[in-house]
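Q: Going left to right, the sequence shown walks through residues 1000 to 1310 as my numbering numbers them.
This is the structure I want to talk about, given as structure tokens.
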Amino acid sequence: MTAAGAIETIGGVRVERGAKIPTWFRCGGAADRLARPRDEGELRACLASDPGLRVVGDGANLLVADGGVRELVVSLEGERFTRIEVDESSGLVVAGAGARLPRVINLCVRSGLGGLETLAGIPASVGGAAAMNAGGRFGSFADRVERVDAMDREGREVELTREQAGFGYRTSGLGELIVTAVAFRLERGDAADLRDRRDEIMRTKTASQPMRERSAGCCFKNPTLGEAIEGIGAAGERVSAGLLIDRAGCKGLMVGGARVSEVHANFVVTAPEATASDVVGLMVEVGHRVRARFGVTLEPEVVIWRSENAS
Ligand code: EPU
């Protein structure tokens, strides 16, 4: 922690100064001010103090520029925001935005409720997973969403149906809204079968992704091809960015402490000395090489936080 201290409060919420923002890359800058509101009322107070605040989830898909961020950062860690309510008979599961997705999945599997096990192995908070419609080959977050509870920047609570939330491939229409909870509708199933399915998905991921190294999962979204590419895919087909990066010869490419994984080329893995600008520099270089080789422009999946007046 850099110079942490409770030298300020916002509507009763303690604010930490110069707080490290935990991300899976384990590099990058700090938050000038970080708060942990415990409920909607405290979140509203934070919004009144800085309507442009940023919400940090599990930090699993986030890169913070080395200069840190000037806006207030909030982490929804309190009991209210990490609750998981399971109604086994109706299959309705409500999870707070700060609850960790793997915990929600495990609880549902144990309760014999099926539908979320397809997301096994995705590290995320429920709010973060909703905002970017996290997912993979086996399913997307949006598939089982019934309702999203959120707060707008004026502090008003809103409820959205799945349709209103505007989910798409690794994106949502949630925009500036702050997700506070998500309700899922799941199906009754056999707990042992669901566990097997979850474990099988985990095994697939462990075999094809560098799960033990420090990374934020896939760095780029899978692009849709404008034209057919021999051996890659047809026009209009969404293809693996990892495959393109691999075929462009980028595996093992390094900038400072950041390296393109040899296991899966869409993963940038970081050594302890890595900086956020190493990661960005590597992503830029990978983008150049893929464009030069295939004429395809890759769009980052990793969210990058950078403040205007940051160094
Ligand atoms: N491939 C290579 N080289 C590589 C990587 C992949 O040849 O370095 C080939 C594989 O052999 C396979 C094909 O590309 O034939 C597809 O690879 P994979 O099954 O790993 O799927 P992906 O499209 O690269 C997507 C998601 C992952 C998710 C996996 C599995 C995106 C951007 N990526 O990857 O999501 O885990 O499917 O479900 O949608 C993430 O979003 O952070 C993420 C890791």
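Note that CB positions come from ideal geometry on N, CA and C, so glycine has one too.
Here the structure is a predicted model, which means the values were calculated and not measured.
Does the beta carbon of Lys1220 sit closer than 9 Å to a beta carbon anywhere in chain B?
A: The structure shown contains no chain B, having only a single protein chain.
Q: Going by DSSP, name the residue or residues bridged to Val1085.
A: Numbered from its first residue, the sequence shown carries residue 1085 at position 86. The partner list for Val1085 (beta bridge, DSSP) reads Val1092.
Q: Output the distance between the C-alpha atoms of Met1131 and Thr1170, rounded to the nearest integer angstrom.
A: For the purposes of this step, residue 1131 is taken as the residue at position 132 of the sequence shown. For the purposes of this step, residue 1170 is taken as the residue at position 171 of the sequence shown. Roughly 4 Å separates the two Cα atoms.
Q: Between Gln1208 and ligand 1, is the CB less than 8 Å from at least one heavy atom?
A: Taking the sequence shown and counting its residues from 1, the one referred to as residue 1208 is at position 209. True, at least one ligand heavy atom lies under 8 Å from that Cβ.
Q: With a CB to CB cut of under 7 Å and the five nearest residues on each side skipped, what residues in its chain are close to Thr1205?
A: One-based indexing of the sequence shown puts residue 1205 at position 206. No residues qualify anywhere along the chain.
Q: Taking Cβ positions, are Leu1071 and Gly1051 nearer each other than 9 Å?
A: Within the sequence shown, the letter at position 72 stands for residue 1071. Within the sequence shown, the letter at position 52 stands for residue 1051. Contact: yes.
Q: Compare the beta carbon distance of Val1278 and Thr1269 with 9 Å and say whether it is the shorter of the two.
A: Position 279 of the sequence shown holds residue 1278. Position 270 of the sequence shown holds residue 1269. In contact: Val1278 and Thr1269 (Cβ atoms closer than 9 Å).
Q: Compare the C-alpha of Ala1133 against each of Leu1061, Gly1230 and Phe1024 and name the closest.
A: The residue you call residue 1133 lines up with position 134 of the sequence shown. It is Leu1061 whose Cα lies nearest to the Cα of Ala1133.
Q: Quick one: is the Cβ of Asp1245 within less than 8 Å of any heavy atom of ligand 1?
A: As a position in the sequence shown, residue 1245 is number 246, starting the count at 1. Flag set: Cβ of Asp1245 near ligand 1.
Q: So does the region 1148-1162 actually touch the region 1038-1056, counting three or more Cβ pairs closer than 8 Å?
A: yes
Q: Look up Gly1010 in the DSSP assignment and say whether it is helix, strand or coil.
A: Your numbering for residue 1010 matches position 11 in the sequence shown. Coil.
Q: Assess contact between the region 1273-1293 and the region 1078-1087, defined as three or more Cβ pairs (one per stretch) separated by less than 8 Å. Is contact present?
A: no
Q: Considering only C-alpha positions, which residue in the set Ala1141, Arg1035 and Cys1218 is nearest to Leu1185?
A: As a first step, residue 1185 must be located in the sequence shown, where it is residue number 186. Measuring from the Cα of Leu1185, the nearest candidate turns out to be Ala1141.
Q: Looking at C-beta atoms only, is the number of pairs between the region 1193-1209 and the region 1116-1123 that lie closer than 8 Å three or more?
A: yes
Q: For Val1068, which three-state DSSP category applies?
A: As a position in the sequence shown, residue 1068 is number 69, starting the count at 1. DSSP places Val1068 in strand when its eight states are reduced to three.
Q: Starting from the C-beta of Ser1110, find all residues in its chain whose C-beta is less than 6 Å away, skip the five residues before and the five after it, and write them out in chain order.
A: By one-based count along the sequence shown, residue 1110 stands at place 111. These residues qualify, in order along the chain: Val1085 and Glu1087.
Q: What does the Cβ neighbour count give for Gly1090, buried or exposed, with the cut at 16 atoms within 10 Å?
A: The residue labelled residue 1090 in the question sits at position 91 within the sequence shown. Per the 10 Å Cβ criterion, buried.
Q: Counting along the chain, where does the beta strand (DSSP E) carrying Leu1159 start and finish?
A: Locating residue 1159 in the sequence shown gives position 160, counting from the first residue. Here the beta strand (DSSP E) through Leu1159 covers Glu1156 to Thr1160.
Q: Check whether the Cβ of Thr1203 lies closer than 8 Å to any heavy atom of ligand 1, and answer yes or no.
A: Here residue 1203 is taken as the residue at index 204 of the sequence shown, counted from 1. For ligand 1, at least one heavy atom lies less than 8 Å from the Cβ of Thr1203.
Q: How about Phe1024 and Ala1182: do their beta carbons lie closer than 9 Å?
A: Counted from its first residue, the sequence shown places residue 1024 at position 25. Counted from its first residue, the sequence shown places residue 1182 at position 183. Not a contact, by the Cβ cut-off of 9 Å.
Q: How big is the Cα-Cα spacing for Asp1151 and Ile1020?
A: Taking the sequence shown and counting its residues from 1, one reaches residue 1151 at position 152. Taking the sequence shown and counting its residues from 1, one reaches residue 1020 at position 21. Cα to Cα, Asp1151 sits roughly 23 Å from Ile1020.
Q: According to DSSP, what are the bridge partners of Lys1019?
A: On the sequence shown, position 20 is the one that residue 1019 refers to. Answer is Ala1029.
Q: Rank Glu1236, Gly1230, Ala1234 and Asp1192 by C-alpha distance to the C-alpha of Ala1247 and give the top, closest one.
A: On the sequence shown, residue 1247 is found 248 positions in, with the first residue counted as 1. Ala1247 has its Cα closest to that of Gly1230, out of Glu1236, Gly1230, Ala1234 and Asp1192.
Q: Do Ala1133 and ligand 1 come close, with the Cβ less than 8 Å from some heavy atom?
A: Position 134 of the sequence shown, counting from 1, holds the residue named residue 1133. In this structure, ligand 1 has a non-hydrogen atom nearer than 8 Å to the beta-carbon of Ala1133.
Q: Would you say the beta carbon of Asn1265 comes nearer than 8 Å to a heavy atom of ligand 1?
A: Taking the sequence shown and counting its residues from 1, the one referred to as residue 1265 is at position 266. Result yes, Cβ under 8 Å from ligand 1.
Q: According to DSSP, Leu1062 sits in a beta bridge with which residue or residues?
A: The residue given as residue 1062 occupies position 63 in the sequence shown. DSSP output for Leu1062 lists Ile1303 as bridge partner(s).
Q: May I have the straight-line CA-CA distance separating Ser1310 from Ala1059, to the nearest angstrom?
A: In the sequence shown, counting from the first residue as 1, residue 1310 sits at position 311. In the sequence shown, counting from the first residue as 1, residue 1059 sits at position 60. Confidence is the limiting factor: at Ser1310 the pLDDT is only 46, short of 50, which leaves the residue's position unreliable and the question unanswerable from this model.
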